[in-house]
Structures are given as C-alpha cells and as structure tokens.
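So the protein sequences, as listed, match chains A and B. 1 is the number of the first residue of the first sequence in this note's numbering; add one for each residue after it. 116 is the number of the first residue of the second sequence in this note's numbering; add one for each residue after it. In this text, a Cβ means the ideal position worked out from N, Cα and C, and glycines have one as well. Taking it in order: structure first as structure tokens, then the write-up.
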Amino acid sequence: AQKVTQAQTEISVVEKEDVTLDCVYETRDTTYYLFWYKQPPSGELVFLIRRNSFDEQNEISGRYSWNFQKSTSSFNFTITASQVVDSAVYFCALSEKNAGNMLTFGGGTRLMVKP
Amino acid sequence: NAGVMQNPRHLVRRRGQEARLRCSPMKGHSHVYWYRQLPEEGLKFMVYLQKENIIDESGMPKERFSAEFPKEGPSILRIQQVVRGDSAAYFCASSPQRGTGNYGYTFGSGTRLTVV
C-alpha cells in the first residue's frame, strides 16, 4: 500500500528565510512518481514538480529545489529566500506505476511567510 | 487551450438535496479523476473514469455517490441526499492517457460544496 507522510502540519517563517518541507513516502513498487502541489488561499491546486523513481537528481527551479533520496524514501522541498506569496498549503503526492491512475496525497504542510 | 473546467465553483445544498458537480477535462484528455478534500485534510482519490466507463471507484463511498463520464459532455459527480459530512472541496483532474506517467495530472479549481 502506498502512503505519504508530511510530518510538519504548519510552519511559520519570516520573509527571506529558507524553509524545507519534509515528505516521506512508502511504496512496494519499484517504479513510482512523486509530486509536489501548492494550494494557495484561493484553493486551486498548482502543480510544482513530478519526479520518477529512477531519477534521483536533485532539481532546482528558481527559489525552489527538491531533494529526492530513495535511501530514506524522502522527497523534500526547499524554498530559498521565502516570500509572502509562498504562503500556502503544500502537498506531496505519490503514484505507483502499478496503481496507474491514483495519486496518494500527504496531509499537507501549511506554510506561513510573515513580512 | 483551456484547462480543466469545474462548475460550479461553490455549491450550497440543504441536507437531503442532490448535488451535481461537473468537470470538463482538458481538450484531448479522455481520462478523468475525482478527488475529495475534507476540511484541513489532504486530497483522497474517489474515482477514475474514461469515456463511458468507470475504471476504478475504490475510493467512492458505496452509497449516495455516483460518477459518470458520458461520450458527449462533462463528467458528473452526483451526491444524493447530501449530509453535512459531504461538505468538502471536490477536485477533478484529467490526463491524456492512463496513469500519471509523463504527464501527471492537471487539476481543476475545484467545487466547494457546503451542506447546510
């Protein structure tokens, strides 16, 4: 069975601080995909990144970076120099190839960036 | 190219009424997924449909909930005799092929159902 755990339910930082959101997953499949989504106060879901299980390269996109470590089953997300607009709920999700069509989401981490 | 369109954006129903939520997938997408987000929780998978077929409804409550994706028109999630516990955000996603593969999902903006 697949499972995603985001242990941090809420994080509060001051603008310009760096912040890391943790994500730990469980799966029996050898082929799987990991995702991060952002849900701003307006409520929509914004896709941030997708990673497949064979690609452990870390990725950087502007102020966002992701650290995928299969050895610890983690896919952590770091925001550098946070901004107030980063305030949102962030969800990590997992999809197994054999489950094909289903995303399993973590419970989300609410990030509050204060000016 | 319009994204996944969901309507209505907000829906208020009294207990016992029916709620109908609509989802038009992205152009060229024939796979639709429905997820539910209860207050302060993550999203939970409900059902996966292709045109005219339900492929996986393992996350759908056994009673009062149904989904369809007809040959023509949007996918519909129907909740009969709504109760307060049905209050949630319902998200629809679409993909051009089975699974999250190379595309992942494109989510709509959601329908927020409030049962009073």
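Chain-order list of residues whose beta-carbon lies under 6 Å from that of residue i (same chain, five-residue window excluded)
i: B:Ser181; result: Arg193
i: A:Val89; result: Gln39, Gly108, Arg110
i: B:Arg227; result: His125, Ala204
i: B:Ser139; result: Met120, Pro189
i: A:Glu10; result: Arg110
i: B:Glu167; result: Lys186
i: A:Gln2; result: Thr27, Leu94, Glu96, Thr104
i: B:Asn122; result: Arg137
8 Å Cβ cutoff, residue i in contact with chain A
i: B:Ala204; result: yes
i: B:Glu183; result: no
i: B:Gly225; result: yes
i: B:Phe180; result: no
Proximal residues of chain B, C-beta to C-beta of residue i below 7 Å
i: A:Gly62; result: Here the premise fails: no neighbours, minimum Cβ distance about 19 Å.
i: A:Leu45; result: Phe206, Phe222
Chain B within 8 Å of residue i, Cβ atoms only
i: A:Met102; result: yes
i: A:Glu59; result: no
i: A:Leu48; result: no
i: A:Phe54; result: no
Interface partners of residue i on chain A, CB under 8 Å
i: B:Asp201; result: Within chain A, no residue comes near B:Asp201; the closest Cβ sits about 17 Å away, beyond 8 Å.
8 Å Cβ shell around residue i - same chain, five flanking residues per side excluded
i: A:Thr72; result: Val24
i: B:Tyr220; result: Tyr148, Ala208, Ser209, Ser210
i: A:Val13; result: Val19, Ser82, Leu111, Met112, Val113, Lys114
i: A:Gln8; result: Leu21, Asp22, Thr109
Interface residues of chain A facing residue i [CB-CB closer than 7 Å]
i: B:Glu156; result: Gly107
Nonlocal neighbours in the same chain, by C-beta distance under 7 Å from residue i, ignoring five residues either side
i: A:Tyr32; result: Ser53, Leu94, Ser95, Glu96, Lys97
i: B:Ser202; result: Leu228, Thr229, Val230
i: B:Lys159; result: Tyr150, Arg151, Gly174
i: A:Val4; result: Cys23, Tyr25, Cys92, Ala93, Leu94, Thr104, Phe105, Gly106
Contact list for residue i against chain B, beta-carbon separation under 9 Å
i: A:Phe68; result: Correct list: empty, because the minimum Cβ distance to chain B is about 15 Å.
i: A:Phe91; result: Gly157, Leu158
Problem set entry | Length-filtered (3 minimum) beta strand (DSSP E) runs lying within the stretch 15 to 79 of chain A | Segments of the beta strand (DSSP E) lying fully in the stretch 15 to 79 of chain A: 19 to 21, 24 to 26, 32 to 39, 46 to 52, 59 to 61, 64 to 69, 74 to 79.
Exercise. In the stretch 147 to 174 of chain B, which residue ranges form an unbroken beta strand (DSSP E) of at least 3 residues, counting only runs that do not cross its ends?
Worked result: Within the stretch 147 to 174 of chain B, the complete beta strand (DSSP E) runs of at least 3 residues are 158 to 165, 168 to 171.
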